[in-house]
Structure formats: structure tokens, C-alpha cells
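Scroll down for the structure; my scribbles are underneath it.
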Amino acid sequence: MVGGMPQISLSHLFVPWLILLAFGVVMVGSAAVALDAQYLPNHLMFLGVAAVVCAVIFAIPIKLWRSLYLLGWLGSVLIAVVVLLPGIGHEVNGATRWIRLGGFSLQAAEVAKFGLCVFLAGYLARYHDRVSEDARHFIVPFAMIAVVAGLIVAEPDLGSGVVIVAAALGLLFLAGAKLRFFVLFGLLGVGAVYLLVTLVPWRAERLVAFWDPWAVATGSGYQLTQALIAFGRGEIAGLGLGEGVQKLFYLPEAHNDFIFAVVAEELGGLGAILVACLMGFLVVKLFVIARRLIITGQHFGGYVAYFVGLIIGIQLLVNLGVNTGVLPTKGLTLPFVSYGGNSLIISCALFALVLRCVYEERA
Numbered sequence: 077m078v079g080g081m082p083q084i085s086l087s088h089l090f091v092p093w094l095i096l097l098a099f100g101v102v103m104v105g106s107a108a109v110a111l112d113a114q115y116l117p118n119h120l121m122f123l124g125v126a127a128v129v130c131a132v133i134f135a136i137p138i139k140l141w142r143s144l145y146l147l148g149w150l151g152s153v154l155i156a157v158v159v160l161l162p163g164i165g166h167e168v169n170g171a172t173r174w175i176r177l178g179g180f181s182l183q184a185a186e187v188a189k190f191g192l193c194v195f196l197a198g199y200l201a202r203y204h205d206r207v208s209e210d211a212r213h214f215i216v217p218f219a220m221i222a223v224v225a226g227l228i229v230a231e232p233d234l235g236s237g238v239v240i241v242a243a244a245l246g247l248l249f250l251a252g253a254k255l256r257f258f259v260l261f262g263l264l265g266v267g268a269v270y271l272l273v274t275l276v277p278w279r280a281e282r283l284v285a286f287w288d289p290w291a292v293a294t295g296s297g298y299q300l301t302q303a304l305i306a307f308g309r310g311e312i313a314g315l316g317l318g319e320g321v322q323k324l325f326y327l328p329e330a331h332n333d334f335i336f337a338v339v340a341e342e343l344g345g346l347g348a349i350l351v352a353c354l355m356g357f358l359v360v361k362l363f364v365i366a367r368r369l370i371i372t373g374q375h376f377g378g379y380v381a382y383f384v385g386l387i388i389g390i391q392l393l394v395n396l397g398v399n400t401g402v403l404p405t406k407g408l409t410l411p412f413v414s415y416g417g418n419s420l421i422i423s424c425a426l427f428a429l430v431l432r433c434v435y436e437e438r439a
């Protein structure tokens, strides 16, 4: 034991992770049953790619990631710039967020999450003893993160930009940055988000739908009202796996952003709560492991675990908030469960990096 904490068990991470991945396969198959595209075979293919990526990342020593942490930021900036270049970025529904690579689309924001995780963990591992005292060691990494987030918002992808900034601020706070450092940047951030929402017509429409979705149930509030109907139909015990109705061309993105509504309809409130608790348990374990790694002097691994826990936790809260109408509609997946190759692969890659950190600490 170190600092009163027991030795880390890989099974405490590995088992709930595998359960969530398996559950995601089942729910994607159920949610996309009425769609023409081969979503379930594609999802299984993405899982295979994710397994290969995880194996590669797990095989790389942490000292290499730590020594090349600046490349994480440079790579994030590069892909965020390239996706905006005419003729390279692939546009879907007015947003240029993807780079086409043969039959696969690479989403810039997801790749940037991995690069920024490596960058922040490496920076804080190097300057962790100065972050709490010197404002420069708060401003410099935050400004570098803000550059990438700004490019992502320009795609436009406000949701991913907000998640990245929130996770970065949370990590800087956990690293010891003084609360007063956050006040000015917090006010600036709130003002920027307000302007980005109110000055863009379709974002303003989403805000109106958030306040009263039933008033625009056939317009901008359609997706949210259909999700709420799914929750109402599921009640406590649910209709049964595969028996949901809302996924049958009523609820858009039922296999992706709104898969939690399908879970609630088919498995009921109890099933939905169980899924949320399992993901919450995984986030808590990541935080416990992060603290253990920092106590044992593995600062890079500790900050990696904190960042991954923050990313998964924030996306979980946002996705659940959007599905239940607590937050305005935003296109963010439910980690490890929703359909989506980029999100699944990068989420697993981040998790594999944590597993490598734990493995080296145990060794």
C-alpha cells in the first residue's frame, strides 16, 4: 500500500470497460435494426480497429510518450488546421469536421483529444511543482489548448470544443492551479459560448427547443421530444430488448447521439440508471488510479488518468443531459456505447494509454 491506498488492479478497469463495449454492440444492433446501412457490422469492424490501436499504444513505453509530449499539441493543431482547408475537409450537414481517408472519415476533434491528453500530461509532469505558484504555467498550456479548441469550434463543432476546454481546466485545477487563475478565463469562456450560441441562428433555435421543446415539436424540438417519448414509454422496467418503437424512424440518431434514449425505452429507468452507474464507476476508478499514480511519483500517468476520466465523465454528463432535456441538443456520443468509429477508437486509445501507465506502475 502507498499513502493508505491498495495496489491498483487492472481488472477494476478492464472488466467494466469490456462490459460497456459489449453492451454497446448489443444496443447499436438494436437501435439500428430498421436502418438500411450496415451499422452493426461497421461497429464490429471499428471495434477490431480499436483493438489493434489499443495493442499498439499499450506496447509503447510511457517514457516515449512523456518525452514527445509537445508533438501531441503540434499534431492536434495540424489536424485541426488541415480539416478546415478547402478540398481536404469533408462537409456533412454544413460542418467540416472530417478528413476522408479512403472509405474512412477521420474526425479532427477526436484525434485532437488524444494529442492534447499526451501534451497536458507531459507538460504538467514537467512543471507540476510550479503550476500552483506561477500563473504562467497555467496561462501557457491553457492558451495552447484554446488554440486547438478555437479551430475545432470553427469547423463548427462547439460541443467538442467545450468538452476539451472543460477537461483541460479540470486537469489544471487538479494539478494545483489556484482558483483565482480560473476566474478571468471562466468569465471569458462563458461570454464566448454565449456569443457563439446567440449569434448563430441554428444554435439559437436549439436553445429555444431546449426551453420548450413541445412548442416546436415538429421543428427544432423534434429530436428532443422523441427522446422524451422514449423515456416515457420505457417507464421503470422497459419494453424489452429490441422492442423499442422510437428507433423505427421516429428518433433521429437513435444509434448514435441518442442511444441512451433507446436504452431507457427498452431497458427502462432501471437499465438506464445501471448503465450510467457503470460508467460513473469507471470514471471514479480512473480518478482513484490517477491519485495513486501521482502519489507514487508517476505524474505523467496520473495526469493521463485524470484527463481521460474528465473526458469520459464530461461526455457522459452532456450526453445524458441532452437525452433527458437537461441540456440543449448537442452531438456528443456516449463513450464506448454509441455508434461512431472515431469516438470509439479514440476513447479506447485513451483507455489503453491509462492501462499502460497502470501496468508500468505495477511493474
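For the record, in the sequence shown the residue sitting at position 167 is 243 according to the working numbering, with numbers rising by one throughout. Backbone N, C-alpha and C fix where the C-beta goes; we use that ideal spot for every residue, glycine too. What you are looking at is a predicted structure, and each value in this text was computed from that prediction instead of being measured.
With a 10 Å radius around its C-beta and 16 neighbouring C-beta atoms as the bar for buried, classify residue i as buried or exposed.
i, result
"residue 353", "exposed"
"residue 141", "buried"
"residue 210", "exposed"
"residue 89", "buried"
"residue 110", "exposed"
"residue 93", "buried"
"residue 287", "exposed"
"residue 143", "exposed"
"residue 373", "exposed"
"residue 174", "buried"
"residue 87", "exposed"
"residue 260", "exposed"
"residue 318", "exposed"
"residue 132", "exposed"
"residue 233", "buried"
"residue 410", "buried"
Is any heavy atom in the ligand FMN found nearer than 7 Å to the beta carbon of residue i?
i, result
"residue 287", "Absence of the ligand FMN is noted for the structure shown, with no ligands found whatsoever."
Give me the Cβ distance between residue i and residue j, rounded to the nearest whole Å; I'm assuming they're in contact under 8 Å.
i, j, result
"residue 188", "residue 228", "7 Å"
"residue 306", "residue 341", "4 Å"
"residue 361", "residue 338", "With 8 Å as the limit, residue 361 and residue 338 do not qualify as a contact, their Cβ atoms being about 26 Å apart."
"residue 384", "residue 430", "5 Å"
"residue 73", "residue 235", "No answer is possible for residue 73: it lies beyond the span of the chain, which begins at 77 and ends at 439."
"residue 405", "residue 300", "6 Å"
"residue 285", "residue 334", "Going by Cβ atoms, the distance from residue 285 to residue 334 rounds to 14 Å, so no, they are not a contact pair."
"residue 248", "residue 214", "6 Å"
"residue 208", "residue 253", "6 Å"
Using DSSP's beta-bridge definition, name the partner residues of residue i.
i, result
"residue 181", "176"
Exercise. Looking at C-beta atoms only, is the number of pairs between the segment 370-390 and the segment 416-428 that lie closer than 8 Å three or more?
Worked result: yes
Problem set entry | the segment 160-170 contacting the segment 124-137, beta-carbon criterion three pairs below 8 Å | no
Exercise. Taking one C-beta from the segment 219-227 and one from the segment 166-175 each time, how about it: are there three or more such pairs within less than 8 Å?
Worked result: no
Exercise. Is there contact here, the segment 406-415 with the segment 259-268, by at least three beta-carbon pairs under 8 Å?
Worked result: Because the criterion of three Cβ pairs below 8 Å is not met, the segment 406-415 and the segment 259-268 do not touch.
Problem set entry | Sequence ranges, alpha helix (DSSP H) only - wholly within the segment 104-176, length at least 4 | Correct list: 115-135, 138-143, 145-158.
Problem set entry | Every unbroken alpha helix (DSSP H) inside the segment 213-296 [4 residues or more] | Taken in chain order, the unbroken stretches of alpha helix (DSSP H) that lie wholly in the segment 213-296 and span 4 residues or more are 234-250, 256-274, 277-287.
For this session: Please confirm if the segment 198-214 is in contact with the segment 373-381, defined as three or more CB-CB distances below 8 Å between the two stretches.
Result: yes
For this session: Examine the Cβ distances between the segment 107-115 and the segment 128-137 and report whether three or more of them are shorter than 8 Å.
Result: no
Exercise. Does the segment 177-196 come close enough to the segment 142-159 to have 3 or more Cβ pairs within less than 8 Å?
Worked result: yes
For this session: Kindly provide the ranges of any alpha helix (DSSP H) runs that are 4 or more residues long and lie completely inside the segment 366-407, ordered along the chain.
Result: 375-400
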